[in-house]
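According to UniProt numbering, the stretch in the sequence shown is residues 1 to 168, in order.
Glycine included, each C-beta is placed from N, C-alpha and C at the ideal position.
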Amino acid sequence: MASFQISTELSSIRLMAKSSAFLPAIVKHWHKYLLSQLDDAGACWGVVTSGTRALVDGWLGVMNLTHPKMLVVAEDVELGKPDPRCYLLGRKRLGLEHSSSLVVLEDAPSGIRAGKAAGFKVIALTTTHSLEQLQEAGADWIVEDLRSLSVKGVVDGRILLEIRDAYQ
Numbered sequence: 001m002a003s004f005q006i007s008t009e010l011s012s013i014r015l016m017a018k019s020s021a022f023l024p025a026i027v028k029h030w031h032k033y034l035l036s037q038l039d040d041a042g043a044c045w046g047v048v049t050s051g052t053r054a055l056v057d058g059w060l061g062v063m064n065l066t067h068p069k070m071l072v073v074a075e076d077v078e079l080g081k082p083d084p085r086c087y088l089l090g091r092k093r094l095g096l097e098h099s100s101s102l103v104v105l106e107d108a109p110s111g112i113r114a115g116k117a118a119g120f121k122v123i124a125l126t127t128t129h130s131l132e133q134l135q136e137a138g139a140d141w142i143v144e145d146l147r148s149l150s151v152k153g154v155v156d157g158r159i160l161l162e163i164r165d166a167y168q
């Protein structure tokens, strides 16, 4: 399958990220790098996960990852993914209730469906599911892992995100 480069300026976008770093107990340097890029750029971002608060807090501590300013966990919502309310709550907690221009990073079909149902763009990572499963779920872009993403800066409140080597 051919891959290509997408450079995109996502206007009025804030990034809500569910990192695959919470699944394996091994943190790759690019997980920390992307989170530090977001922080260094002054980007508004958060984590929306199906995991419990105790699990997420534990993994963040063990892996020495940046703690998000906004976190939505399983206990915060009545229904889990693919219900979109977890992402809508995340948008509200980021103070972006009226923004429809958000990007979600996901590694699971149910999360992709939740992000799309919330009206957001979805970048899928092929870290836990096949390319075909992510395509069927409706991801806008699919990349192998976080190495394909770079934050180029924040201009007038817009995150400039580069997506490289995307399958679609």
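Range covered by the beta strand (DSSP E) that runs through residue i
i: Glu162; result: Arg158 to Ala166
i: Ala124; result: Lys121 to Leu125
i: Leu71; result: Met70 to Val72
i: Val143; result: Trp141 to Val143
Where residue i sits in the DSSP three-state scheme
i: Ser99; result: coil
i: Pro152; result: Residue identity check: residue 152 is Lys in the sequence provided, not Pro. Reduced to three states, the DSSP call for Lys152 is strand.
i: Leu65; result: coil
i: Glu106; result: strand
i: Val77; result: coil
i: Ala54; result: helix
Residue i: first and last residue of the uninterrupted alpha helix (DSSP H) it sits in
i: Gly115; result: Pro109 to Ala117
i: Gly46; result: No alpha helix (DSSP H) holds Gly46; the beta strand (DSSP E) holding it covers Trp45 to Val48.
i: Leu134; result: Leu131 to Ala137
i: Leu88; result: Arg85 to Arg93
Sequence-distant residues of the same chain with beta carbon closer than 6 Å to residue i, five excluded per side
i: Asp107; result: Ser20, Leu125, Thr127 and Thr128
i: Val72; result: Val48, Cys86, Leu89 and Gly90
i: Ser100; result: Gly119
Exposure of residue i, with buried meaning 16 or more beta-carbon neighbours within 10 Å
i: His98; result: exposed
i: His67; result: exposed
i: Leu79; result: exposed
i: Ala54; result: exposed
Same chain only: Cβ atoms within 8 Å of residue i, ignoring 5 sequence neighbours per side
i: Ser148; result: Ile163, Arg164, Asp165 and Ala166
i: Lys81; result: Ser50, Ala108, Ser110, Gly111, Arg113 and Ala114
Close beta carbons around residue i, own chain, < 7 Å, minus the five adjacent residues each side
i: Met70; result: Gly46, Gly90, Arg93 and Leu94
Handout entry: Contact the segment 85-100 vs the segment 55-65: 3+ CB pairs below 8 Å
Key = Between the segment 85-100 and the segment 55-65 there are fewer than three inter-stretch CB-CB distances shorter than 8 Å, so the stretches are not counted as touching.
Practice task
Evaluate the contact criterion for the segment 126-138 versus the segment 153-164: three or more CB pairs, one atom per stretch, below 8 Å.
Solution key: Contact between the segment 126-138 and the segment 153-164 is absent, because fewer than three Cβ pairs lie under 8 Å.
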